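A.B. asks:
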Amino acid sequence: MSTQNGMNQAVFPALHAPAGSAWARWQIGPALRQVRLKDFDPGDKPFSKGSKAEDQARVQALAREIDELQNLFYADGRHKLLVILQGTDTSGKDGTIRGVFGQTSPLGVHTVGWKAPTEPERAHDYLWRIHQQVPAAGHITVFNRSHYEDVLVPVVNGWITPEQTKQRYQHINDFERLLAETGTVVLKFMLHIGFDEQRERLQERVDDVTKHWKFSLGDLEVRKQWPRYQQAYEDLLETTSTAWAPWTVVPANSKTHRNLMIATIVRDTLQALDLRFPPEDPALQGLRVE
10 MSTQNGMNQA
20 VFPALHAPAG
30 SAWARWQIGP
40 ALRQVRLKDF
50 DPGDKPFSKG
60 SKAEDQARVQ
70 ALAREIDELQ
80 NLFYADGRHK
90 LLVILQGTDT
100 SGKDGTIRGV
110 FGQTSPLGVH
120 TVGWKAPTEP
130 ERAHDYLWRI
140 HQQVPAAGHI
150 TVFNRSHYED
160 VLVPVVNGWI
170 TPEQTKQRYQ
180 HINDFERLLA
190 ETGTVVLKFM
200 LHIGFDEQRE
210 RLQERVDDVT
220 KHWKFSLGDL
230 EVRKQWPRYQ
240 QAYEDLLETT
250 STAWAPWTVV
260 PANSKTHRNL
270 MIATIVRDTL
280 QALDLRFPPE
290 DPALQGLRVE
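As structure tokens, then:
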């Protein structure tokens with residue numbers, strides 16, 4: 010296929026979970042057309058191999074590995090990586106960013122926290138603002154929430170019709186296929202927590218004055234819509250998990266395991282890209298700096 014500069018570029022497909030791996034049952038295959046979140050235990054720990062302390066040590070080691078790989082990724086300059094973190098309130102999107110990408114250089118990793126669209130953004134199509142923030146060559150971009158808010162909030166609140174929802178699913182699939190076919194690897198994580206776990210985390214925000222800034226009374230109204238949000242997530246997981254951008258459900262009741270699972274998949278994805286430093290410059294051979 011042709012890129013913007015006219016050069017041919019190979020497609021870099023998404024990394025798919027190896028059969029029989031701890032990851033396999035949590036990645037939504039494109040052939041799976043019925044997703045039920047109740048079949049995914051948010052308290053499970055498929056990537057854990059020991060105690061919490063051991064898992065925390067593994068997360069720290071993985072974060073250092075990702076830092077080294079990100080440096081090579083940046084120098085290589087042939088790839089782009091978009092990491093999407095989607096989940097209900099308190100599911101741990103901020104904590105994932107700190108735990109998984111806290112060691113990386115800000116020169117090559119960019120985080121975007123998506124809020125409600127502004128008036129200028131609403132004057133354009135809903136993907137306009139998203140496209141401006143996707144990663145450039147050699148860069149990793151992490152979305153804290155994403156364009157999937159546009160098939161969650163409007164759907165739950167009845168602001169768009171079922172026909173418009175299906176149309177948006179197709180828009181998103183085509184948009185992500187465009188990204189994949191032009192060199193962007195797309196990793197999509199749905200951070201899955203339980204109803205009781207969310208209650209505890211919201212209560213913690215109420216009880217801890219240093220976390221009041223994270224809490225809004227509107228969170229309680231959204232919590233009342235829990236079943237409708239679960240249904241909306243099931244629908245989007247079924248419809249927008251594609252061969253080029255599959256979804257992974259991450260059991261996230263355990264914050265440590267959540268980070269461990271995502272860090273492992275990010276590390277494995279970077280390793281699978283066959284990263285390399287640019288060719289040596291012959292002009293540097295034998296050069297001595299005086």
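As numbered in the working numbering, residues 10 to 299 make up the sequence shown, in order. All C-beta atoms in this analysis are idealised placements derived from N, C-alpha and C, irrespective of residue type, glycine included. Note that this is a predicted model, so its numbers are computed, not measured.
1. Starting from Phe152 and walking both ways along the alpha helix (DSSP H), at which residues does that stretch end?
2. Can you find at least 3 beta carbon pairs, one from the stretch 199-213 and one from the stretch 91-102, that sit closer than 8 Å?
3. So does the stretch 42-49 actually touch the stretch 177-195, counting three or more Cβ pairs closer than 8 Å?
4. Please check the pair Gln95 and Arg154, which I expect to be a contact at CB under 8 Å, by giving their CB distance rounded to whole angstroms.
5. I'd like to check one pair, Gln142 with Thr113: are the Cβ atoms closer than 8 Å?
6. Just verifying my parser: in three-state terms, what is the DSSP assignment at Leu71?
7. When the Cα atoms are used, what is the spatial distance from Asn17 to Gly203?
8. What residue range does the alpha helix (DSSP H) around Lys175 cover?
9. In whole angstroms, what separates the C-alpha of Glu213 from that of Thr219?
10. Mind the definition here: the stretch 51-58 touches the stretch 265-283 only if three or more C-beta pairs lie below 8 Å; say whether that holds.
11. Hey, would you say Met182 sits closer than 8 Å to Pro51, going by beta carbons?
12. Report the rounded CA-to-CA distance for Ala4 versus Arg276, giving the unit in angstroms.
13. The ligand PLP and Ala254: does the residue's C-beta get closer than 7 Å to at least one heavy atom of that ligand?
14. In the structure shown, what three-state DSSP assignment does His266 receive?
15. Helix, strand or coil for His201 per DSSP?
16. What's the gap between the Cα of Leu24 and the Cα of Glu299?
17. Quick one: residues in its chain with C-beta nearer than 6 Å to the C-beta of Asp122, no 5 flanking neighbours on either side, listed in chain order?
18. With DSSP collapsed to three states, give me the class of Leu91.
C.D. replies: Taking the structure as given:
1. Unbroken run through Phe152 is the beta strand (DSSP E), 149-153; no alpha helix (DSSP H).
2. Touching, yes, given that three or more Cβ pairs across the two stretches are closer than 8 Å.
3. Short answer: they don't touch.
4. That belief holds up - the Cβ atoms of Gln95 and Arg154 are roughly 6 Å apart, short of 8 Å.
5. Not closer than 8 Å, so no.
6. Of the three classes helix, strand and coil, the one that applies to Leu71 here is helix, per DSSP.
7. Confidence at Asn17 is low in this model, with a pLDDT of 39, below 50, so its placement is unreliable and the value that follows should be read with caution. Whole-angstrom Cα-Cα distance: 46 Å.
8. It spans 171-190 - the alpha helix (DSSP H) in which Lys175 sits, taken as one unbroken run.
9. Each residue's Cα considered, the two are about 10 Å apart.
10. With contact defined as three or more Cβ pairs closer than 8 Å, the stretch 51-58 and the stretch 265-283 are in contact.
11. In the sequence under discussion, the amino acid at residue 182 is Asn, which differs from the Met named in the question. No, they are not a contact pair.
12. Outside the displayed range of the chain (10 to 299) lies residue 4, so it cannot be described from this structure.
13. With respect to small molecules bound, the structure shown includes none, and the ligand PLP cannot be examined in it.
14. His266: helix per DSSP, three-state reduction.
15. If DSSP states are grouped into helix, strand and coil, His201 belongs with the strands.
16. About 47 Å.
17. At residue 122 the sequence reads Gly, which differs from the Asp that was named. Excluding sequence neighbours, Gly122 sits near Asn153.
18. Residue state, collapsed to three classes: strand.
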